[in-house]
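Counting in the working numbering, the sequence shown runs from 24 upward without gaps.
Beta carbons are placed, not taken as given, at the ideal position from N, Cα and C, and that holds for glycine.
Being a predicted model, the structure only gives us computed values, none of them experimental.
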Amino acid sequence: MSQNTATRLLVTTAVVELTTGIAMFAFADHFRSVLYAPMAPLLPHLSAALLAGGTLLVMSLRYGPVLPLQRLLNLLAAVPLLMTSYLIFGAGGVTGGVTYAILAIGVAVSGWVAVPRMFRVTMGCIETAVGLLFLLAPGLFSSPGFRPLWPYMPAVGLLGLSSGLLLLLGRGFRLQERWRWVELYAAALPALLVATFWNTGAWSGVVLWAALGAGLILDWVPAARSPERTAEAAWTEDPHEAWSAQALQHVESLSWLLVLLVVSTAALLGGGVDRALPNAVAFVLIVGGFNLLSRWPLPLTLPHRLRLHLHLVVLTVAISLVATAPIASPLLPTILIVPLIAARAGGARQGYAMLVAVLVLMALSRLNRSGEFPPPPVMAAVETVSMGILGVAGVLIARTQRALFHQVAETTQSLARKNQELQAVNEELSAQQEELAAQQDELLRQHRTLLDQARELSAQRDELMESEGRFRAAFENAPIGIALVGLDLVILRANPALHGMLGYEPGALTGVSLCHMTHPEDLPAHRTRMEEVLAGRAEDYAVEQRFIHRSGGIVWVSASLATVRDAQARPLYFVAQIMDVTARRSAEEQLRRMANFDPLTDLVNRRYFQRQIHAALTGSDEPRGALLFLDFDRFKFVNDTMGHLAGDDLLRGLAQVMLRIIGERGTVARLGGDEFGILVPDIDGPGAEELAARLLAAVRMHIAFFNDRPVGVTVSIGIALYPDHGRTVEELMLHADLAMYQAKHSGRDRYRVFSSDGPEAGMGAWPAWEARIRTALAENRFTLVFQPILDLRRNEVTQYEALLRMVDRDGSLIPPAEFLPVAESFGLMRDIDRWVVRRAVETIAEQRACGKQITLSVNLSAHALTDPDLLEHIRGLIHEHQIPPGSLRFELTESAAVSDPDQAASLIQALTEMGCQFALDDFGSGFSSLLYLKQLPVRSLKIDGGFISRLHADPVDQNLVRAIVTMARGLGIQTVAEYVGSDQALDILRECGVDAAQGFHVGQPGPLPA
């Protein structure tokens, strides 16, 4: 640890040792009380030991810059503290014994262990230890010196413990104002103990705790400085003052050694000290007290030379008091040093004055002690003369030394000044050298800058030439037209691409004005924009306009002109970039037509037609007119039997028929497939009906020929009047669509006018039905009922058909005819198909769990043909519930199958390969049964009920059934008759060879039998 780190601890400990040693020697009578009885015989020796320890600490602070010497001095100074701790603890001074021991440890380790803020750590340990003793071992404080504290032992213990812990915990904090209270709080315990020991006469405790408390309170402790450093610091100001500072420290050290000598001598003499060494107490008090007051706690703020003379005077007075003692002869040479030091510090005059003062004080001392030790007059005179001669010689020697010192000092100061001047000159030369170096660097930088600028100019020139070459190459070889145009819009130069774009020979456009090339209709806008550019309101402009080809044709171009300006921002000319966009404009026009017109019939499409309807509804205050929806009957049959080319030719012809009938009265649109719309403004109901009748007749009479085969269809028309049947596009189109569907359901080849009271009005509630169906799907409010199928050969039920019902919120069952059309219109059939299949598989699994083997027929909608995930869904259900695939028989209506025979064949084949069975439902109701039957891998046919209901009364139906059965047997397909209503019908079916039958006579739909 450095000396400065433990300075506060060493200084405070030195004060404790020196003060306690002086007190024990000078006021020995106060230490003869009961409290100090055990240590009374050793008080003189203890005082000498303490003074020795304090003196060693003073020497350590002043003369111990070398670490080994400092450690040795600190260890020696700790010995008296341990002795005092032992003696005081034996006398009952528990706090003093602990405190002296901890101080001894702190002083001993201060040169070995690096502990920040050593004094605070030591005081923290002391107060913590004292506080713990008060709290945990109050019995140790039986000495009368602690009597005032007996009632308050716990409180004093808590005070000591808390203040000690705060000091230990806060040792790393810098002692700023906000932490000042920690040391002030810690000083409370020393103050309390000082007051207690003062009242009980425990003076060593008073001195100890007063010094420790003062050490806590004081903000600073003067740092010890070696004589060398002091002289060096003051040499340049006043060499004699610096020498005085050195001499002062040596005189102070000598004073403490003299005090130690006197006290040690007194300890050795014992009771005869008053005779052998009179005024010893006064000597110790004067010298020791002045040393303490001049250094601690507040040093005298006087010049070193004056403080030195004061010390010499005090030392002379003190020595004169004991110099006449018989054993004080060794002190006489010390007195002769006083005038020498005074002369050396202040000159010969001060030396002679100090010599006279010494001789006078010695004479007075002899007169004062003449009664006790009467010296012979001759001896006294000889002694005085000898001392005077020696003193004069010392003053003369000091004067000579002072003169030499003065010369040396002046020479040293002169050399220092010259050294400073040389340093100043050197610094100036260094500054000039740095300035020259900086100027040289600046010149080099400027040179490099000029070289860089030259290279940059050369590079710019090369780049400009390269750029000019690139521009020329780009200008001549550009795929778009580029021209340099003067401010008068006359072409200064044009590239080959622009000449080729407009049909001119190379160079022919030079001198031609852009205005002559611009289409007359685009010229006004072109001139306006160019005026804005020339006026500075616009920097450039881009536009798409028409140029005139040399042949007179039109060339659509995308032209952009950018202004080229000079250094003063004045316009010089324009650079025009011209791109031929004729093909793009034609494509855009074609796209616009494709977006609004049907490519097959050249009629407007649905989107354009809706805009026309909206314009008709909002174009006047009282719009009136009619909207007709047309759907051709049996048109799919034409596509399926004669091919799509025939269907397309038929649609084109029918479009011309409708255009001929409508003429300029309205708009005809193809809405999609075989659906058309006609908007006729300013027409009433009778007029719309008359127009619909004409359309029906014209379509009916229109016969097209394809491959020499006649092709014809009929049409169903729905009429909605506005504003009576709708004031919005959606509402009007919905009602016309509903009326058209009503016309189809009424037998086709007819028209219907929408009526809010008619049957088609119910279709207006379809959105509500959609919500009901979606809710039922989400809440699983569907169920299956099962209709038995009778095996006519074995006369027993072998399978069931699963029929779908929707469960209303009141628990009633809704038949499929009421909700399936809505589901088909709103795209819900896929979800319904999946629900039916899943529930059928679960039913089969439940029956098998009960030991019953059944086969269920499940109806699929036409939407199943386009469901890409249906097969995987069925396969997953079969695997999940572990049912035989053959227990599932899927049914698809004939009309659904022939609507897309390829998809139907693919689905049937995949289900058959999976192990499931497949039946063709409503066989005989379509137009293509025989054509597609051999292409569809079905296992059974369900004969349409239209052939069965009047079987007993109609021989034609009987012959048709026989023909169907014969054909089916030839293909290896079983037959099932639907809508069987009597035993007579069953007998005829058996006679015709039908395999199975179902209907209300066989069994009504319901739950499976238990």
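In whole angstroms, what is the alpha-carbon distance linking residue i and residue j?
{"i": "L41", "j": "T78", "result": "7 Å"}
{"i": "R495", "j": "S609", "result": "33 Å"}
{"i": "A477", "j": "R484", "result": "10 Å"}
{"i": "I342", "j": "V39", "result": "25 Å"}
{"i": "S83", "j": "V132", "result": "14 Å"}
{"i": "E998", "j": "A976", "result": "With the sequence shown as reference, residue 998 is identified as Thr, and Glu is not the correct amino acid for it. Whole-angstrom Cα-Cα distance: 21 Å."}
{"i": "I701", "j": "Q635", "result": "11 Å"}
{"i": "I996", "j": "A825", "result": "21 Å"}
{"i": "D545", "j": "V513", "result": "17 Å"}
{"i": "V961", "j": "D945", "result": "13 Å"}
{"i": "G183", "j": "A234", "result": "17 Å"}
{"i": "P174", "j": "L271", "result": "51 Å"}
{"i": "G666", "j": "D697", "result": "15 Å"}
{"i": "M553", "j": "R630", "result": "40 Å"}
{"i": "T798", "j": "P838", "result": "17 Å"}
{"i": "K767", "j": "V580", "result": "54 Å"}
{"i": "R143", "j": "T35", "result": "12 Å"}
{"i": "G119", "j": "T339", "result": "37 Å"}
{"i": "G129", "j": "S108", "result": "14 Å"}
{"i": "F196", "j": "A210", "result": "Bear in mind that the predicted position of F196 carries a pLDDT of just 47, short of 50, making it too unreliable to give a figure here."}
{"i": "V830", "j": "D890", "result": "26 Å"}
{"i": "V738", "j": "A1033", "result": "51 Å"}
{"i": "L515", "j": "Y596", "result": "9 Å"}
{"i": "D603", "j": "R493", "result": "23 Å"}
{"i": "L757", "j": "S880", "result": "36 Å"}
Please identify the residue among the options whose C-alpha is closest to the C-alpha of residue i.
{"i": "S574", "options": "G523, E865, S583 and T737", "result": "G523"}
{"i": "A237", "options": "F220, N222 and L207", "result": "L207"}
{"i": "Q633", "options": "T664, V752, M763 and L888", "result": "V752"}
{"i": "N662", "options": "D672, E936 and L653", "result": "D672"}
{"i": "L80", "options": "A127, A715, H68 and A114", "result": "A127"}
{"i": "L98", "options": "G120, G113, A124 and A114", "result": "A124"}
{"i": "V598", "options": "A606, W858 and V587", "result": "V587"}
{"i": "P177", "options": "G530, L212, G168 and L192", "result": "L212"}
{"i": "A736", "options": "A152, F660 and N518", "result": "The residue you asked about is not Ala; residue 736 is Val in the sequence shown. For the residues A152, F660 and N518, the minimum Cα distance to V736 belongs to F660."}
{"i": "R973", "options": "V1003, G115 and T878", "result": "V1003"}
{"i": "G44", "options": "V179, G228, L192 and S185", "result": "G228"}
Helix, strand or coil: how does DSSP classify residue i here?
{"i": "L888", "result": "helix"}
{"i": "P177", "result": "helix"}
{"i": "I684", "result": "helix"}
{"i": "T641", "result": "helix"}
{"i": "G187", "result": "helix"}
{"i": "T821", "result": "strand"}
{"i": "G1022", "result": "coil"}
{"i": "T5", "result": "Since the first residue of the chain shown is 24 and the last is 1033, residue 5 is not available in this structure."}
{"i": "R693", "result": "strand"}
{"i": "T122", "result": "helix"}
{"i": "D545", "result": "helix"}
{"i": "A1033", "result": "coil"}
{"i": "Q940", "result": "strand"}
{"i": "D705", "result": "coil"}
{"i": "E528", "result": "coil"}
Return the Cβ separation of residue i and residue j in integer angstroms, given the expectation that the two are a contact with Cβ distance under 8 Å.
{"i": "R693", "j": "N628", "result": "6 Å"}
{"i": "V117", "j": "L156", "result": "6 Å"}
{"i": "L584", "j": "V508", "result": "7 Å"}
{"i": "I740", "j": "L650", "result": "So it is not a contact: roughly 11 Å between Cβ atoms."}
{"i": "Q1027", "j": "Q810", "result": "7 Å"}
{"i": "P709", "j": "G689", "result": "Not confirmed; about 16 Å, so no contact."}
{"i": "M141", "j": "A29", "result": "4 Å"}
{"i": "F777", "j": "L800", "result": "The Cβ separation is near 30 Å, so there is no contact."}
Does the ligand HEM have even one heavy atom less than 7 Å from the beta-carbon of residue i?
{"i": "H68", "result": "With respect to small molecules bound, the structure shown includes none, and the ligand HEM cannot be examined in it."}
Inset, instruction - Jot down the residue ranges of each uninterrupted alpha helix (DSSP H) in the segment 848 to 878, minimum 4 residues, whole runs only, in chain order. - result: The qualifying runs are 852 to 872.
Inset, instruction - Quick one: which unbroken beta strand (DSSP E) runs of 3-plus residues sit fully inside the segment 565 to 628? Chain order, please. - result: Considered as a whole, the segment 565 to 628 harbours 577 to 588 and 594 to 603 as its complete beta strand (DSSP E) runs of no fewer than 3 residues, in chain order.
Inset, instruction - Could I get the ranges of all uninterrupted beta strand (DSSP E) runs contained in the segment 447 to 508, with 3 residues as the minimum, in chain order? - result: If we require 3 residues or more, the beta strand (DSSP E) runs fully inside the segment 447 to 508 come out as 504 to 508.
Legend entry - Inside the segment 726 to 764 only - beta strand (DSSP E) runs reaching at least 3 residues: Listed in chain order, the beta strand (DSSP E) runs fully inside the segment 726 to 764 are 727 to 729, 732 to 734 and 737 to 745, counting runs of at least 3 residues.
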